[in-house]
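*Asks:* Quick one: the structure is below, questions incoming.
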Amino acid sequence: MGTLDPILEVRDVSKTFDRVVRALDNVSIMVRRNEIVSVVGENGAGKSTLMKILVGVYQPDSGEMYQMGRKVPFPRDPLDALSRGISIVYQERGVIPHLKVYQFLFLGLEEKFTRLGRLQLGKIIGLAKSVFEELGLKCDLASSMYELPPSTQKMVEIARAILSVRLMVGMDGEAEIIPVIILDEPTAPLSIEERDELFNYLLNLKKSNSFIFVSHIIPEVMKFSDRIYVLRDGRVVAHHDLSSEKVTEDQIFREIVGRESYYDLWARYVYSAGAVEGRRVVLSVRNLTKKGYFENISFDLHEGECIGLFGPAGCGKSEIAKALYGEIAADAGEILVDSRKVKLKSEPYARVKLGIGYFSGETGKELFLFWPIRKNVSIVNFDKVTKRPLKIISVISFNAERSLAEKIMKKLRIRAPNVETECYSLSGGNKQKVSVGKWLEKSPKILVLEDPTIGIDVGAREEIYEVLLEMKKNGIAMILVSDDPKEYAILCDKIISIRGGVIQATYTNEEFRRLMGL
Amino acid sequence: MKSEVERLKIGSVIAASIWRLVKVNPAVWAIVALVVIFSALVPDKFLSTSNLVAILKNFAVTSMLAVGPTFVILLGSIDVSYMGIWMFGGALVWLLYPYLGLASIAIYPIFGLLVGLFNGVVHVKAKVPSFILTIAVTAVLAFLTTYVRNISGVLTLIVPAYNFLRESPIPYIPSPFLLALPVIVLALFIMFFTKLGTYFCAIGSNEEGAKLAGINVEKYKILAFTLSGLLTGLGSIAIFVHLGCQTRVDFDPSELVRGLAAIVLGGTPLAGGMGGPHRTLLGALVYVLIFNGLFLLPGVDPNHLKLYVGTLLLGAVIAASRALKGALIA
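Below, the structure written as structure tokens:
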């Protein structure tokens, strides 16, 4: 076999869930020996489904699979995949914190090192040592997993995946198989320096293994992969061989998001930049720093202004948003709300009191799915739906609760039978509307938006944008963090571009649009 | 004519709300079924006035053990310190009666509040698992109660001066029930008419989401434990009176199960997030009906009653948790 022949290939894989949701639509990808292949796409593009088919968690509806040029059936289950040389390292929950490193490394493989019911510890540790030496991994085998830094934990997990392939395949006594290790968003829990450490480790391992790298963080994908597949809505929309063609980050960015899909929507909003000079500054950020995530971030946010923090995932933008909302604490710098300095270490409830609200489009993150719409609205609005017969007691008025929820339902055109409808039964877009609607009446001074329209269809997006723009017109200031350039173009007056945790440039809306070609 | 239409409309609204009540509270079915079964099997005994009064009394006692901890269980934590509050609170009343006179009964709610506050602060700030913490608190308080009895050289910690509380001003309605009523009203009021009920459910069902909605999670957790202690303290007065103005001096684990049983039978899952004191009241009634009815059946050895009830409970808890799971997925 030549070195360019694929060692693993799937052709025309389709998978439909519940007979309606088409997760994969005739997808074909292949992996050559000793390369890193990236599969990129938005949440819900089908990346995870494809990977789960490769390791036997799901069975495809149709498609073919080839290994070393021979046609083979799809793996029945993860163990079957493992014995054919395919292993996966999941994004999270992979590590068992209280196991020792060598125990974790051989977890589930003890059978091969047991004689007369006794575990041959000496043999295990000896093998672990030689594997670590070969892979260039330096850590104490006797320490517990949780004591290791996150990047080393990930490396041990990868070592474990390689080791289990070797042991499983070796058992069958087959010819040489090159392990294909799938890495599902391996850098998600890591800081910027730790990511580089992990990648150097992978480049070293590439000599004897192949990797499928699943991610939506474009810069690292560009830096370390040999080839890139872009998945969108269950289809492969682009395939780049980085050794032979020149691709820019922005190009991949657009392929991931699907430029044409709702360009029309954007065009309908002729942007009118209001002058922010002279308006009150509601939020000042001065040299805000959190080691390993972002550094020296400074900006002023005016009343009714929306500032977008723009950059690839992992650049620190969502950490800045979280620091503003009190979910994580910055190490240094200043945050001033209405020119008053506030504590860096805080909690969301304290920030809500200062007038900072938070809205994320991630389903279920801040919605109580089994509650009626009414309760989901009143949870931040108790001051509006209660009466105080005595100073210390506030009594909920059901009528006030109901009319508040009805008002918001009508205003946001939430499609549900009534305010008592439980939220799990709503569509994605309507769920999001309930989530954002609760802030509509609260009218915070500042609203932090994280991916406000993730995973919902164009029509629903438009309605969410309308609501947000109206809130902006009423003087609410906003911070936007998103993966979608068009969202910035629609909502933001000013866009701060962030790379590697530092501010690169600041653009006006017009400059930004010109730059992005919107 | 118009009023006729309105009356019809009101009727249908009432019918709909009753249907909803039955649909979301399976305990209502159990209550109806138990009443029908026991009325058919032993009609003369079960439906006698004295038995119905006994049921009411036992209902008051069982619900007073369970209503307070329900708020903690909504959070997904657990509070079994009610036994300790009830026992040692009574010992304190007995100890302080010579100094405070009749006012010493106020020790109960104050002591309950303090124990609840302690539980809450230790659980939240030191991150001690709530079950271990509150059962340790109960063990200590139960020991102290026995200790007080032993060093005082008495058999019971009885305060006869409160005997007037045992007389009920209303015929057929036992006084423990009347004493329990305000506690029940208070618990229901907190659950449905203040934001606390909503916040507790929010924390129990999605702690991360509750935090993001701007709820001070730690504060409300401590508040739930404190409230649990306070309500148990208030409710203990009813139990105190029921036992003849004295407190228990020996620890009985089946009393501990009784409170949790009422909560779980009522349909508040131990995982938290849904349910509440209204369900616990229904659960307490189910528990009392089972116990009472079995006691009346001929051929049932009263000495084995606890075993039967315990086994039944186990089955009910398993069935209830399965049913709830189904309801959640649907």
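Sequence order for the protein chains is Y and B. Residue numbering for the first sequence is 56 to 573, as defined by this note's numbering. Residue numbering for the second sequence is 498 to 827, as defined by this note's numbering. Glycine is no exception: its CB is placed at the ideal position from the N, C-alpha and C atoms.
(1) Assign Y/Asn351 to one of three DSSP states: helix, strand, or coil.
(2) What does the alpha-carbon distance come out to for the pair B/Gly741 and B/Leu593?
(3) Exposed or buried, B/Glu503, counting other C-beta atoms within 10 Å across all chains shown (16 or more means buried)?
(4) Alpha carbon to alpha carbon, how far is B/Ile511 from Y/Phe437?
(5) Out of Y/Tyr413, Y/Ile469 and Y/Ile448, which one is the CA nearest neighbour of Y/Arg429?
(6) Please state whether DSSP places Y/Ala560 in a helix, a strand or coil.
(7) Taking the CB atoms as reference points, tell me whether Y/Met464 and Y/Ala455 lie closer together than 8 Å.
(8) Helix, strand or coil for Y/Glu315, going by three-state DSSP, please let me know.
(9) So if I threshold CB-CB distances at 8 Å, which residues from the stretch 427-444 of chain Y count as touching chain B?
(10) Is the separation between the beta-carbon of B/Leu484 and that of B/Tyr784 shorter than 8 Å?
(11) Between the C-alpha atoms of B/Thr723 and B/Phe615, what's the straight-line distance to the nearest angstrom?
(12) For Y/Cys478, which of helix, strand or coil comes out of DSSP?
(13) If you pair each beta-carbon of the stretch 623-639 of chain B with each one of the stretch 767-777 of chain B, do three or more pairs fall below 8 Å?
(14) Taking the beta strand (DSSP E) that B/Asp541 falls in, what are its first and last residues?
(15) What is the DSSP secondary structure of B/Cys862, reduced to helix, strand or coil?
(16) Give the interface partners of B/Ser665 over in chain Y, defined as CB-CB distance under 9 Å, in chain order.
(17) Is DSSP giving Y/Val450 helix, strand or coil here?
(18) For Y/Asp296, which residues does DSSP report across the bridge?
(19) Ignoring anything shorter than 4 residues, give me the alpha helix (DSSP H) runs that lie fully in the stretch 126-202 of chain Y, in order along the chain.
(20) Do you know offhand how far Y/Lys400's Cα is from Y/Leu63's?
(21) What residues of chain Y sit near B/Met584, judged by a beta carbon separation below 8 Å?
(22) Are the CB atoms of Y/Glu212 and Y/Gly118 within a distance shorter than 8 Å?
(23) For Y/Leu79, which three-state DSSP category applies?
(24) What does DSSP give as the partner residue(s) for Y/Ala532 in the beta ladder?
(25) Cβ of B/Leu572 within 8 Å of Cβ of B/Lys716?
(26) Give the range of the beta strand (DSSP E) segment to which Y/Tyr413 is assigned.
(27) Looking at the strands, I want to know which residues DSSP matches up with Y/Gly387.
(28) Looking at the C-beta of B/Gly711, does it have a partner C-beta in chain Y at a distance below 8 Å?
(29) Does any residue of chain Y bring its CB to less than 8 Å from the CB of B/Leu549?
(30) Judging by CA-CA distance, which residue of Y/Lys209, Y/His295, Y/Val491 and Y/Lys541 is the nearest neighbour of Y/Leu245?
(31) Relative to the alpha-carbon of Y/Val292, which residue among Y/Glu310, Y/Ser298 and Y/Lys278 has its alpha-carbon at the smallest distance?
(32) Leaving out five residues on either side along the sequence, give the residues of the same chain with a beta carbon under 6 Å from the beta carbon of Y/Glu90.
(33) Can you name the residues of chain Y whose CB is closer than 8 Å to the CB of B/Gly706?
(34) Going by other Cβ atoms of all chains shown within 10 Å of its Cβ, with 16 needed for buried, is Y/Ile390 buried or exposed?
(35) Kindly indicate the opening and closing residues of the alpha helix (DSSP H) around Y/Glu119.
(36) For the stretch 448-469 of chain Y, enumerate the residues whose C-beta is nearer than 7 Å to any C-beta of chain B, in chain order.
*Replies:* According to the data block:
(1) strand
(2) Taking the straight line joining both Cα atoms gives about 18 Å.
(3) Classification of B/Glu503: exposed, given that the 10 Å Cβ count is below 16.
(4) Taking the straight line from one Cα to the other gives about 27 Å.
(5) Y/Ile469
(6) strand
(7) no
(8) The predicted model places Y/Glu315 with a pLDDT of 48, which falls under 50 and marks its position as unreliable, so this point remains unresolved.
(9) Lys430, Ser433, Ile434, Val435, Phe437 and Thr441
(10) Residue 484 of chain B lies beyond the range of chain B shown here (498 to 827); nothing can be said about it.
(11) 8 Å
(12) helix
(13) no
(14) Premise fails: B/Asp541 lies in the alpha helix (DSSP H), Pro540 to Phe543, not in any beta strand (DSSP E).
(15) Given that chain B is displayed from residue 498 to residue 827, the structure contains no residue 862 of chain B and the question cannot be resolved.
(16) Result: empty, since nearest Cβ-Cβ is about 30 Å, beyond 9 Å.
(17) In the structure shown, Y/Val450 sits in a strand (DSSP, three-state: E or B).
(18) Y/Arg282
(19) 133-138, 156-160 and 176-190
(20) 49 Å
(21) Ordered by position in chain Y, no residue passes the 8 Å Cβ test against B/Met584, which lies about 31 Å from the chain.
(22) no
(23) strand
(24) Answer by DSSP bridge pairing, in chain order: Y/Ile501.
(25) no
(26) Ile411 to Ser415
(27) Note that residue 387 of chain Y is Ala in the sequence shown here, rather than Gly. BP columns for Y/Ala387 point to Y/Thr344.
(28) yes
(29) no
(30) When only C-alpha atoms are compared, the closest one is Y/Lys209.
(31) Y/Glu310
(32) Ser265 and Asp281
(33) The contacting residues are Gly419, Lys420, Glu421, Leu422 and Phe423.
(34) buried
(35) Run containing Y/Glu119: none in the alpha helix (DSSP H); it sits in the beta strand (DSSP E), Ser117 to Gln122.
(36) Ser449, Val450 and Ile451
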